[in-house]
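First residue of the sequence shown: 425, per this note's numbering; consecutive thereafter.
Virtual Cβ for every residue (Gly too), placed ideally from N, Cα, C.
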Amino acid sequence: MRNKNIKSYKKKNGTTAYKFKAYLGTDPVTGKRIETTRRGFKSAREAQRALDRLRVDYDTNGWHRRNDGQIRTFGELFSAWHKVHAQTIKLSTAGQQQKLYEADLKNDFDNIKLDKLTPQYIQNFFNDFAKTHSTIKNCAVLLKMPLQYAVKMEIIDNNPFDKVVLPRGQKSQFEGTVNFYTREELTYFLKCAEKVDQKLYTYFWLLAYTGARKSEALALNWDDINFDKKALRIDKTLAYNPINRDLLVQDTKTKSSVRTISLDQQTIQVLKQWHLHLKKRNFRLGLGNTGIIFPNKFNRYTTTSVPQQWLERIYGHFPQKQIRVHGFRHTHASLLFEAGASIKEVQVRLGHGNASTTMDVYAHVLKSRSNETGERFAKYMDN
Numbered sequence: 425m426r427n428k429n430i431k432s433y434k435k436k437n438g439t440t441a442y443k444f445k446a447y448l449g450t451d452p453v454t455g456k457r458i459e460t461t462r463r464g465f466k467s468a469r470e471a472q473r474a475l476d477r478l479r480v481d482y483d484t485n486g487w488h489r490r491n492d493g494q495i496r497t498f499g500e501l502f503s504a505w506h507k508v509h510a511q512t513i514k515l516s517t518a519g520q521q522q523k524l525y526e527a528d529l530k531n532d533f534d535n536i537k538l539d540k541l542t543p544q545y546i547q548n549f550f551n552d553f554a555k556t557h558s559t560i561k562n563c564a565v566l567l568k569m570p571l572q573y574a575v576k577m578e579i580i581d582n583n584p585f586d587k588v589v590l591p592r593g594q595k596s597q598f599e600g601t602v603n604f605y606t607r608e609e610l611t612y613f614l615k616c617a618e619k620v621d622q623k624l625y626t627y628f629w630l631l632a633y634t635g636a637r638k639s640e641a642l643a644l645n646w647d648d649i650n651f652d653k654k655a656l657r658i659d660k661t662l663a664y665n666p667i668n669r670d671l672l673v674q675d676t677k678t679k680s681s682v683r684t685i686s687l688d689q690q691t692i693q694v695l696k697q698w699h700l701h702l703k704k705r706n707f708r709l710g711l712g713n714t715g716i717i718f719p720n721k722f723n724r725y726t727t728t729s730v731p732q733q734w735l736e737r738i739y740g741h742f743p744q745k746q747i748r749v750h751g752f753r754h755t756h757a758s759l760l761f762e763a764g765a766s767i768k769e770v771q772v773r774l775g776h777g778n779a780s781t782t783m784d785v786y787a788h789v790l791k792s793r794s795n796e797t798g799e800r801f802a803k804y805m806d807n
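What follows is the structure, given as structure tokens:
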């Protein structure tokens, strides 16, 4: 008696052929039914033998057979892996990974079949990628980890990434440079920023005078500042939500990152001036008061990538020594040490989880300054 899953059909040339549609099981990742269709058999017996072999393969050869019709491309694999991986990391980190994948990897890998993804294909990609990018390790992780997951889940037998040799990336414009300002350099930068835009001036002033992380500053509300007590409360940060592709306010990086720090009178004055300017702007544009200190033009939170654009805008108007946005946090630490603050005081103010992180910053500052020791001595002798 013929299997009811095996059916005959007419080909275009008029001959009769046989096909079958078989249910093999359930996908453990997606929970969907695994079904497959085969056609082109000359007889019902030939189709039955093929169906029997397929079921034996499914029962004995693992997930890469069970995966038939489910996860076939790297893009599908990345989505399945990232859904699992995102449960083990902060939502902001998951968002950064999603954005990095879409920016640098999606075009080259999203639609490629897993059985066509070879070590040579990956190697060629990174050879070209390294010619124009300074950092390739983060992208490498977003290829390697999903493929490791695929091996564990028996979607594929071997990880093609294991045979890839990562080339050295293009030298960054910041490589070999000191990522903080001296007191004189910071003073000049802030004068330039003030001439460009009051919001930019206030933002970078706050980073340099408090050591706040860029996303901590973007998440601040006016309620976080006690002008009478000259104190700033930092207890949240801004992050990208990969689920709804929007910004979200979440708890700070670690428990130690929750802190209340003192503000000097100059910083209080800079913030008050910006507050008044912002009120006038909102009134003029008919915008409500959201309480956000550094809102975008829609009076909502500013995207975390924007401060780098602000920095480049200032440098475009006033060429000078360039540092990254995070360099203002290092600048604050450097000037605190120069002013005589202790390791513990700097640790608490910056919200470091342990003193070793603060010591790393201190060592970096000392190393950078040691290169200038001879020059400072010569200038001293000349005077």
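Less than 7 Å separating the beta-carbons of residue i and residue j?
i: L656; j: L662; result: no
i: L631; j: F752; result: yes
i: I564; j: L590; result: Note that residue 564 is Ala in the sequence shown here, rather than Ile. Closer than 7 Å, so yes.
i: L501; j: A554; result: no
i: V730; j: K638; result: no
i: Q494; j: N427; result: no
i: T626; j: W734; result: no
i: N720; j: L711; result: no
i: A504; j: A510; result: no
i: T439; j: S432; result: no
i: G635; j: L774; result: yes
i: F718; j: T728; result: no
Check each candidate in the options and name the one with the smallest Cα separation from residue i.
i: Y447; options: D483, D688, Y525; result: D483
i: P543; options: D586, V565, I767; result: D586
i: T684; options: Q674, L711, L524, D647; result: D647
i: T461; options: K434, T440, I430; result: I430
i: A617; options: V682, L524, Q744; result: Q744
i: L702; options: K540, V588, N645, L571; result: N645
i: L566; options: Q622, I692, A527; result: A527
i: I747; options: N706, T512, F628; result: F628
i: K561; options: D581, Q521, E578; result: Q521
i: R457; options: K445, P584, F465; result: K445
i: Y739; options: I716, K568, Y612, D539; result: Y612
i: Q547; options: Y525, V588, T726, K568; result: V588
i: Q689; options: T676, N650, N706, I717; result: N650
i: Y415; options: K507, T678, P584, M569; result: Examination of residue 415 is not possible in this model, given that the chain is present from 425 through 807 alone.
i: T691; options: N706, D652, D675; result: D652
i: N658; options: I716, D784, L478, V682; result: Contrary to the premise, residue 658 reads as Ile rather than Asn in this sequence. Cα-wise, what sits closest to I658 is V682.
i: T678; options: N713, E640, K435; result: E640
i: L695; options: Q622, E736, A757, R708; result: Q622
i: K436; options: G464, T782, T450; result: G464
i: A757; options: R737, E736, T781; result: T781
Could you name the residues of the same chain whose beta carbon sits closer than 6 Å to that of residue i, not counting the 5 residues immediately before and after it, in chain order?
i: H741; result: V620
i: Q597; result: Note that Q597 has pLDDT 49, beneath the 50 cutoff, so the model's placement of it is unreliable and the number below is only indicative. Nothing listed; no residue qualifies.
i: A643; result: K660, T661, L662, V673
i: V533; result: Strictly speaking, residue 533 in this sequence is Phe, with Val absent from that position. These residues qualify, in order along the chain: F498.
What does a CB cutoff of less than 7 Å around residue i pick up in its chain, not counting 5 residues either side in sequence?
i: T755; result: F604, Y605, L610, A632
i: S467; result: Y442
i: N535; result: T497, G499
i: R489; result: Unreliable positioning characterises R489 in this predicted model, as indicated by a pLDDT of 44, which lies under 50. The coordinate reading is nonetheless provided below. D481, Y482.
i: R607; result: L759
i: K434; result: T440
i: Q732; result: V749
i: Q572; result: N583
i: N713; result: N706
State the CB to CB distance for the pair residue i and residue j, rounded to an integer number of angstroms; the pair is presumed to be in contact (CB under 8 Å).
i: S680; j: G777; result: 5 Å
i: L687; j: K654; result: 5 Å
i: I365; j: L541; result: There is no way to answer for residue 365, as the model of the chain reaches only from 425 to 807.
Using C-beta distances below 8 Å, list every residue in its chain close to residue i, excluding the 5 sequence neighbours before and after it, in chain order.
i: A779; result: I767, K768, Q771
i: T676; result: E640, I658, D659, K660, T661, V682, G775
i: N551; result: P591
Beta strand (DSSP E) runs contained entirely in the region 685 to 742, provided each spans 3 or more residues = none
In the region 619 to 654, which residue ranges form an unbroken alpha helix (DSSP H) of at least 4 residues, counting only runs that do not cross its ends?
-> 622 to 634, 638 to 642
In chain order, which continuous runs of the alpha helix (DSSP H) of length 4 or greater are located wholly inside the region 493 to 562?
-> 498 to 509, 515 to 524, 530 to 533, 543 to 553
Scan the region 445 to 470 and note each continuous beta strand (DSSP E) run of 3 residues or more that stays entirely inside, going in chain order.
-> 457 to 465
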